[in-house]
Structure formats: structure tokens, C-alpha cells
Amino acid sequence: MAANPMTQFEVYRIGPEIKVGAFDISFTNASLFMVISSLAILVIFNLGSKKNSLLPNKIQLLAELSYTFVSKMISDTAGSKAKPYFSFIFSLFMFVLFCNMFGMIPYTFTVTSHIIVTFILAAFIFIGVTIIGFIKHGVGYLKLFVPSGVPIVLLPLIVVIEIISYLSRPISLSVRLFANMMAGHTMMKVFGGFVISLGVVGGWLPLSFSVALTGLEILVAFLQAYVFAILTCIYLNDALNLHH
Amino acid sequence: MIKKIFFQLIFFNLFFLKEVFAAESGGMPQLNPEFWISQIFWLTLTFGILYILLSKIILPKISTNLELRKSQIQENIEAAEKQRENAEAKLKEYDDIISKSKLKANNIFKEARENVLKEINAKKETLDKQIDEEIKKVEQEINLLRKGASEKINKIAIETTSELLVKLIGTEVNNSSISAIVDDLSKRNGDKYYGN
Chain A
249 MAANPMTQFE VYRIGPEIKV GAFDISFTNA SLFMVISSLA ILVIFNLGSK
299 KNSLLPNKIQ LLAELSYTFV SKMISDTAGS KAKPYFSFIF SLFMFVLFCN
349 MFGMIPYTFT VTSHIIVTFI LAAFIFIGVT IIGFIKHGVG YLKLFVPSGV
399 PIVLLPLIVV IEIISYLSRP ISLSVRLFAN MMAGHTMMKV FGGFVISLGV
449 VGGWLPLSFS VALTGLEILV AFLQAYVFAI LTCIYLNDAL NLHH
Chain B
214 MIKKIFFQLI FFNLFFLKEV FAAESGGMPQ LNPEFWISQI FWLTLTFGIL
264 YILLSKIILP KISTNLELRK SQIQENIEAA EKQRENAEAK LKEYDDIISK
314 SKLKANNIFK EARENVLKEI NAKKETLDKQ IDEEIKKVEQ EINLLRKGAS
364 EKINKIAIET TSELLVKLIG TEVNNSSISA IVDDLSKRNG DKYYGN
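Read top to bottom, the protein sequences are chains A and B. Residues in the first sequence are numbered from 249 upward in steps of one, following the numbering used here. Residues in the second sequence are numbered from 214 upward in steps of one, following the numbering used here.
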């Protein structure tokens, strides 16, 4: 019988229970995949930056192409002022991408399919961007909520809407990534369950669906990491270059 | 009244939600806060270490690698450009040399031809002169011979006539009278015999 499609998201302890005060910070399967993703990123990019040959080998090319890809993305969306935040956005993009991609391997755990992980990342970005905005523009950063060229009658309404949309940024950012990853993995699990329950006779249709979904999910895994990074850049752009 | 119903609805909804979650054996594991603190802790730790290592060690390396390559490629392009310019200059020099030598060769050829033509003309003139002189000499000789010939013929005619007369008549006739007749005849018929 097909297992519950939600069991793949269950977090369980690996090794002993670690407690700091009242907080349980035990090493779990989620922690394991965070460590694996980070290590993979570090290993790949360390190998890619080790020696500088004029004609790069494959791994060096990979590292350099990712570097130029992210740097182009940042300069396109947030301009040259965003250069100091390049390392952060690069780490963020790579971390989310690798967590998503490791989740695509069967029997692994998808770190980004947990709302708490994506929410912490999004909340950190939100708080950081807000602090940067207030440091760069002082109280003038509040002008972000007052778009120019709006009739005075509509202004109170617009300001309220702008504030709500600004405050909902971390929620939309985190829920977008979490919901996409969870929905995709659940759907794949459901189709996988159909393959088992329909057997050799009828299982081919859900199997072909499952194969197609795997391709789609790999695309989604990349796309969501890209969207996460580019939205961070856009928020950063708002904080660095106040356009309103 | 309406308010009361509204609150009751909300209350029942919450109740049913609880029922639903209970039936699904916990529902979404993501909403179970048991390991939230652990996830936050490990996320901060791994992402923090990842960020520090990437930003302090790895990314600067990649950036310098890229810049080094860029400058090296730029240098190579510049060197190539210089060499191309050099090659073009050399090609121009070579072309100049070729066109100059072609001109020189043409000049030499022309001079040589003119010299040869002059020599030929000079030789031709001298030859022509020699030929003319010889022709004149020969003509004079011919003229002399022609004049001499008529006199000789006259003499022969006179002698033969005198001898013929001796043999016919048996007496010698005065030569002067014969010569007068021969002269007279030769003057009359000279044109017929000599073609002059």
C-alpha cells in the first residue's frame, strides 16, 4: 500500500538528543542535508577556484559561469551599489539551489520544503534589507510607502496597501519556495504510489507522468532558487536605490 | 444574533480543523514545531559557515582568476594587434620594393631597346651608304662599258667591213670612209641595238 505522501517531509533525529537549555538542537535529517549541500557547494567551488588556467577545465568553468551568472543577475536588477552583497546573494542562491537539487534524489530530504527554513531565510533578508534601507536613506526610506504621482485622495489607501505589501514580503518569499517544493514532491510521491497500486497492467501511465514530473521538478528546483535570489536582489534594489 | 452565529461558525470550524489534523496523523510535518529550533540552529550554522567560507576564501579567488584571465586575454589581443600591424607594414614595404624594382626593370628594358634601335639605325645608314656607293660605282662602270662597247662594236664593224670588202673586192678601201658609214648607221640604228 502506498505510503502517506507527507511522510517524506518528516524530520527525525539522527544520533543523540542535544539540548541547550530548553531548546532541542539535535542533529536531524534536515541538518544532514543542510551540511551535505553546504559541503557540496564548498567542494565544487573550491575545486573550481584552485588553479587558474587560461583554458578552464569543466569544474572551473562551472564555478566561473555561476559566478558571472549571479554577478550579472545582481548588476542587472540592483545596479552597481549591490556589489558588497554579492557574496551573500551568491551563497543564498547556491544554498537554495543545492538544497532543492539534493531533494530531487530519491530517498533524500528536501530542506527547502520546510516553511521554517524558508521563513528564516526570508525573514533574515527582510530584516537585513530594511536595516540597509534605513541606514542608506534614514527616515527617508519611509518614502518607499508613498509612491509619487498619486492623487492625495487616494494616498491614505495606497500607503496602507504599500505597507501591507512590504510587510508580506517575507511571507510571500518563504511560502513561494516552500509551497513549490512541497507540492512538487508530494505530487511525485502520489504518482509513485499510483504506479505501485496499479501494478504492471496500469502502472505505466503514472510512471510516465512521474518521469515527466521529475524533469519539471528539476526545472522548478532551479527556477525557485533563481526566483528567490532575484527577489532578494529586487528588495535590495528598493533599499539601495529609492525610486519612489 | 448574527454575531453569535458567526462566532459559533468560527468555533466549529476550529473544532473540525482539529478533527481533520487528528485523522491525518499529524497532517503536514512542516507545521510540527518539534524540530523548528533545531532546524533554525542548523540552518544558521551551515549557512553562516558557507557564507563566511565563500565570501572570504573562494569567491575572491574566482574573481581574481576571472580578472587575471581577462587581462591576459586583453594583453594577448593587444600583442596580436601589434604583430598584425607590423606584418602590414612589412607587406607595404615589400609591395613598395616590388613596384620600384618593376619600374627599374621597365626603365632598363626601355633604355636597352632604344640603344639597340639606335645602333641598328646607325648600321643600317652606313650599310645603305655603302650600298648606294657601290651601286653608283657599278652604274658608272656599266655606263663606261656601254660607251666603250658601242665604240668597240663600231671598230669591229669597220674592221670586219674592211676585211669583207678586201675579200669581196680584193682592194683595200679607205678606213675613214667605212667608219663614216658605220658611224652614220650606228647613229641611225643605235637605239634599236642598245636600247637607249
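Glycine included, every Cβ here is placed at the ideal spot set by N, Cα and C.
Backbone CA spacing between residue i and residue j [nearest angstrom]
i, j, result
"A/Ile292", "A/Gly463", "23 Å"
"A/Phe393", "A/Ile419", "18 Å"
"A/Leu302", "B/Ser276", "14 Å"
"A/Leu287", "A/Phe470", "19 Å"
"A/Lys267", "B/Phe248", "12 Å"
"A/Thr434", "A/Val449", "24 Å"
"A/Ile444", "A/Gly451", "7 Å"
"B/Leu378", "B/Gln353", "37 Å"
"A/Asn252", "A/Val259", "15 Å"
"B/Phe234", "B/Gly240", "Summary for B/Phe234: the model assigns pLDDT 43, below 50, so the residue's position carries little reliability; its value from the coordinates is reported in the next sentence. So the two alpha carbons sit approximately 5 Å from each other."
"A/Phe336", "A/Asn485", "14 Å"
"A/Leu479", "A/Asn348", "17 Å"
"A/Pro354", "A/Ala370", "27 Å"
"B/Asp345", "B/Ser399", "33 Å"
"B/Ala293", "A/Leu467", "43 Å"
"A/Val344", "A/Leu403", "38 Å"
"A/Pro264", "A/His362", "22 Å"
"B/Ile271", "B/Gln285", "21 Å"
"A/Phe271", "A/Leu421", "27 Å"
"B/Asn402", "B/Lys368", "16 Å"
"B/Gln296", "B/Leu266", "44 Å"
"A/Gln256", "A/Ser458", "16 Å"
"A/Phe317", "A/Ala431", "28 Å"
"B/Ile311", "B/Ala302", "14 Å"
Residues that residue i contacts on chain A, provided the C-beta gap is smaller than 9 Å
i, result
"B/Lys251", "The identity of residue 251 of chain B in the sequence shown is Ser, whereas the question assumes Lys. Going along chain A in sequence order, the residues near B/Ser251 (Cβ under 9 Å) are Val259, Arg261, Ile266, Phe271, Asp272, Ile273, Ser274, Phe275, Thr276, Ala278, Ser279."
"B/Ser268", "Phe334, Ser335, Phe336, Phe338, Ser339"
"B/Asn299", "Per Cβ cutoff of 9 Å: no residues; B/Asn299 is ~24 Å from chain A at best."
"B/Lys323", "Ordered by position in chain A, no residue passes the 9 Å Cβ test against B/Lys323, which lies about 59 Å from the chain."
Within 8 Å, strictly: CB atoms of residue i and residue j
i, j, result
"B/Tyr264", "A/Ser339", "yes"
"A/Ser274", "B/Ser268", "no"
"B/Asn387", "B/Ile371", "no"
"A/Ala477", "A/Ile380", "no"
"A/Cys481", "A/Ile368", "no"
"A/Tyr483", "A/Arg424", "no"
"A/Val283", "B/Thr259", "yes"
"A/Ser285", "A/Phe346", "yes"
"B/Ile391", "B/Ser375", "yes"
"A/Phe426", "A/Thr378", "no"
Minimum Cβ-Cβ distance from residue i to chain B less than 8 Å
i, result
"A/His362", "yes"
"A/Glu312", "yes"
"A/Tyr315", "yes"
"A/Ile411", "no"
"A/Asn294", "yes"
"A/Ser286", "yes"
"A/Met349", "no"
"A/Met321", "no"
"A/Met436", "no"
CB contact below 8 Å: residue i versus chain A
i, result
"B/Ile290", "no"
"B/Asn320", "no"
"B/Lys313", "no"
"B/Ala293", "no"
"B/Leu304", "no"
Rounded Cβ spacing between residue i and residue j (contact assumed at less than 8 Å)
i, j, result
"B/Pro242", "A/Met254", "6 Å"
"A/Phe334", "A/Ala473", "Not a contact, Cβ separation roughly 16 Å."
"B/Leu304", "A/Glu312", "Wrong, their Cβ atoms sit about 39 Å apart, outside the cutoff."
"A/Leu310", "A/Gly296", "6 Å"
"B/Leu244", "A/Val365", "No, B/Leu244 and A/Val365 are not in contact; Cβ-Cβ is about 13 Å, not under 8 Å."
"A/Phe382", "A/Phe281", "Not really, about 35 Å apart at Cβ, beyond 8 Å."
"A/Asn277", "A/Ile262", "6 Å"
"A/Pro395", "A/Ile406", "6 Å"
"B/Leu281", "A/Asn300", "6 Å"
"A/Tyr389", "A/Leu461", "Actually they are not in contact, since the Cβ atoms of A/Tyr389 and A/Leu461 sit about 43 Å apart, beyond 8 Å."
"A/Gly521", "A/Met429", "Only positions 249 to 492 of chain A appear in the structure, and residue 521 of chain A is not among them; the question remains open."
Chain B residues whose Cβ lies nearer than 7 Å to that of residue i
i, result
"A/Phe343", "Phe260, Leu263"
"A/Leu302", "Arg282, Gln285"
"A/Ser297", "Ile271, Lys274, Ile275, Asn278"
"A/Ile368", "Ile253, Leu256"
"A/Met254", "Met241, Pro242"
Proximal residues of chain A, C-beta to C-beta of residue i below 8 Å
i, result
"B/Gln243", "Phe257, Ser361, His362, Ile363, Ile364, Phe426, Met430"
"B/Leu316", "Within 8 Å Cβ-Cβ: nothing; B/Leu316 doesn't reach chain A, min ~49 Å."
Residue i beta carbon near the ligand ATP (any heavy atom closer than 7 Å)
i, result
"A/Ile444", "For the ligand ATP, the structure offers nothing, since it holds no ligand at all."
Cβ of residue i within 8 Å of any chain C Cβ
i, result
"A/Leu290", "The chain labelled as chain C is not found among the protein chains of the depicted structure, namely A and B."
Within chain B, partners of residue i - CB distance below 8 Å
i, result
"A/Val283", "Trp255, Thr259"
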